[in-house]
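The block underneath contains the structure these notes are about, expressed in structure tokens.
There are 2 protein chains.
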Amino acid sequence: MSYGGIEAGGTKWVCAVSDGADELAAVQTFATTTPAQTLGRAVDFFAVHRQRLEGLGVGSFGPIDVHESSPTWGQITTTPKPGWEHTDVVGALQDALKLPVAFDTDVNAAALAEGQWGAGSGLTTFCYVTVGTGIGVGVMANGTLLHGLIHPEIGHMRLPHDRVRDPFDGVCPFHGDCWEGLASGEALRERWGCPAYENSATEAWALEAEYLASGLVNLICTLSPERIIVGGGVINHPGLLERVRVRVRELLGGYISAPEVTTTDGIERYIVSPTLGDHAGVLGAIRLAQLRALQ
Amino acid sequence: MSYGGIEAGGTKWVCAVSDGADELAAVQTFATTTPAQTLGRAVDFFAVHRQRLEGLGVGSFGPIDVHESSPTWGQITTTPKPGWEHTDVVGALQDALKLPVAFDTDVNAAALAEGQWGAGSGLTTFCYVTVGTGIGVGVMANGTLLHGLIHPEIGHMRLPHDRVRDPFDGVCPFHGDCWEGLASGEALRERWGCPAYENSATEAWALEAEYLASGLVNLICTLSPERIIVGGGVINHPGLLERVRVRVRELLGGYISAPEVTTTDGIERYIVSPTLGDHAGVLGAIRLAQLRALQ
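Those sequence lines, one after another, are chains A and B.
Read in order, the letters of the first sequence are residues 1 to 295 in the working numbering.
Read in order, the letters of the second sequence are residues 1001 to 1295 in the working numbering.
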């Protein structure tokens, strides 16, 4: 038996089938357009594999309703993405495919996969941070993906913002200069007038390192992760990860007495890149389906 | 059989004995002086009750080492409190009393007690925040007190700090203007030149509401607690809790789609006062001992 997984991102969806290990038997990627069209393409993909599927997992952009007892479980809720507010993702898939569906955030799914097969292996409390178009964080806390009122929405934390150095108001439609509003790929593009991958301005990346480090420091103070895995397109800028590590140590100021955050060697093993690359999200979605079946 | 508990605070220690319910059979409170003297007074207190004690729990100011496999487990580590760095609290108590000792932060202990008998009853993910001399937060995540690299040190988060409105540099010896550096009772005393309870300046409390709300917004984005319990002397200032609730809703801006943080009624039940009062810490310490014995 196999499981299906969807990394339902705001830019693209990745659909895949697997027997539950970290190799994919079939993969398809397509752009996120309207809910009807995007869900339709996912249904078409899984219909071909339907007979061998035991269940489906979805790691979705959000915010989403993750509480199975809620009448709106399985929906995307207040997203700023046009047309996607209150989309019943799980309902549409269940109706069309007649399969049990597990549902969590895209970043919680990626954290789950990195914990099972990647950079979070053997850990019980860690974070998976993605810095791409937006900023998202998945959280494994004491061995379980973190849910509460809803789920972590760490891209929307408030951080120090020195308007003398950076008068930019931020791009978050809800909060302006929250973490995502100041430091996402979209924020970089708006502030500097070009995509992040074309930006070579020294000040742009000094500022980016500052904001990413501030955000990670708050993660460290709040969740006390055993490791932080940082992926997404923006963090791949040459030298950025190294600058963030240096600045995190400086900002912590020796207060947290652990070699992971007080030594050069330690922090290289503490703030790390993902090991599953682009497939962490969809692998995690498959793992969500598998865990649900094993319950 | 009974259990002993110590709320080992930076200002005072509370020692108590209980059969494991939320009533205390004996209590003694004394000022935190030197490690030797303070630990000695605790040992003297429990020695009287030694025969009926099955174990001892300690909820301590920190940072502390909470990992039982660590060679420095049971110690206070990098505290700014003079004389208390690297104090082996658990070792001293075990040696003198020959009892098993459970050890966590003072605020994690208080969260445990509020979850068992108080405002966190029935919840699996919630926070206990204390705003007193310092700011501390205990975190229950998915039903377990949160530990990772160390434990939450949420008072040391970085927050927006508008130096035009508030040029004060903050009082944290490690970070200056972290949350505790800006909004603790000590910060209020330093900034305004009088103890918080004597301060009636409008701007003082408007600023305090702003900082407390910013910090709680970050807690909500990061941990997604089902409820936030806020205690400590500072929050008792008339009207402050109400202002914080209003400002939290404003800062969230409707992004998190849950009535708990979008409605007036909801937020009154979401950001609440503790129900165990001054004894939450020591009751939680006793519960730590009981849980350890039941393992």
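Quick reminder that beta carbons are idealized off the backbone N, C-alpha and C, glycines included.
Note that the structure is a prediction, hence the values are computed from the model and not measured.
Check, Outcome
"Inter-residue Cα distance where the pair is Ala-1201(B) and Phe-1168(B)", "16 Å"
"Min CB distance Ser-60(A) to chain B below 7 Å", "no"
"Reduced DSSP category for Arg-247(A) - H, G, I as helix; E, B as strand; rest coil", "helix"
"Three or more C-beta pairs below 8 Å linking the segment 277-290 of chain A and the segment 1010-1024 of chain B", "no"
"Cβ neighbour criterion (16 or more within 10 Å) applied to Tyr-1197(B)", "exposed"
"Beta-carbon proximity of Asn-108(A) to Leu-145(A), cut-off 7 Å", "yes"
"Residues of the segment 1145-1159 of chain B whose Cβ lies closer than 9 Å to any Cβ of chain A, in chain order", "Leu-1145, Leu-1146, His-1147, Gly-1148, Leu-1149, Ile-1150, His-1151, Pro-1152, Glu-1153, Ile-1154, Gly-1155, His-1156, Met-1157, Arg-1158, Leu-1159"
"Beta-ladder partner(s) of Glu-302(A), from DSSP", "The structure shown does not extend to residue 302(A), since chain A is modelled only from 1 through 295, so no value can be given for it."
"Reduced DSSP category for Leu-1223(B) - H, G, I as helix; E, B as strand; rest coil", "helix"
"Start and end residues, beta strand (DSSP E) containing Ala-1141(B)", "1135-1141"
"CA-to-CA distance, Glu-23(A) to Trp-117(A), given in whole angstroms", "10 Å"
"Three-state secondary structure assigned by DSSP to Ile-150(A)", "coil"
"Cβ neighbour criterion (16 or more within 10 Å) applied to Arg-247(A)", "buried"
"Spatial distance of Pro-1173(B) from Trp-1205(B) (CA atoms)", "23 Å"
"Residues within the segment 1115-1137 of chain B neighbouring chain A, beta-carbon criterion of under 7 Å", "Thr-1125"
"Check whether Asp-1106(B) and Gly-1059(B) have beta carbons under 7 Å apart", "yes"
"Straight-line gap, Gly-1185(B) to Ser-1224(B) (C-alpha atoms, nearest Å)", "26 Å"
"Cross-strand partners of Gly-176(A) (DSSP beta bridge)", "Cys-172(A)"
"Own chain, CB closer than 7 Å to Thr-1032(B), minus 5 neighbours either side, in chain order", "Gly-1009, Gly-1010, Thr-1011, Lys-1012, Trp-1013, Thr-1038"
"Nearest-angstrom Cβ-Cβ length linking Glu-1228(B) and Tyr-1270(B), presumed shorter than 8 Å", "Reading off the sequence, residue 1228(B) comes out as Ile, not Glu. Sure, about 7 Å apart at Cβ, within 8 Å."
"Reduced DSSP secondary structure (H/G/I, E/B, other) of Arg-1052(B)", "helix"
"Extent of the continuous alpha helix (DSSP H) run through Asp-1104(B)", "Taken as a continuous stretch (DSSP letters only), Asp-1104(B) belongs to no alpha helix (DSSP H), being part of the beta strand (DSSP E) at 1101-1105."
"Three-way DSSP call (helix, strand, coil) for Thr-263(A) in this model", "coil"
"Exposure of Met-140(A), with buried meaning 16 or more beta-carbon neighbours within 10 Å", "buried"
"Buried versus exposed, by CB contacts within 10 Å (16 or more), Gln-1295(B)", "exposed"
"His-151(A) CB to nearest heavy atom of the ligand PLP below 6 Å", "The model on display carries no ligand, and the ligand PLP is accordingly not part of it."
"Boundaries (first-last residue) of the beta strand (DSSP E) holding Gln-94(A)", "Premise fails: Gln-94(A) lies in the alpha helix (DSSP H), 89-97, not in any beta strand (DSSP E)."
"Exposure label - His-1303(B); buried when at least 16 CB within 10 Å", "Because residue 1303(B) is not part of the residues shown, which for chain B are 1001 to 1295, the question remains open."
"Val-1027(B): first and last residue of the uninterrupted beta strand (DSSP E) it sits in", "1026-1031"
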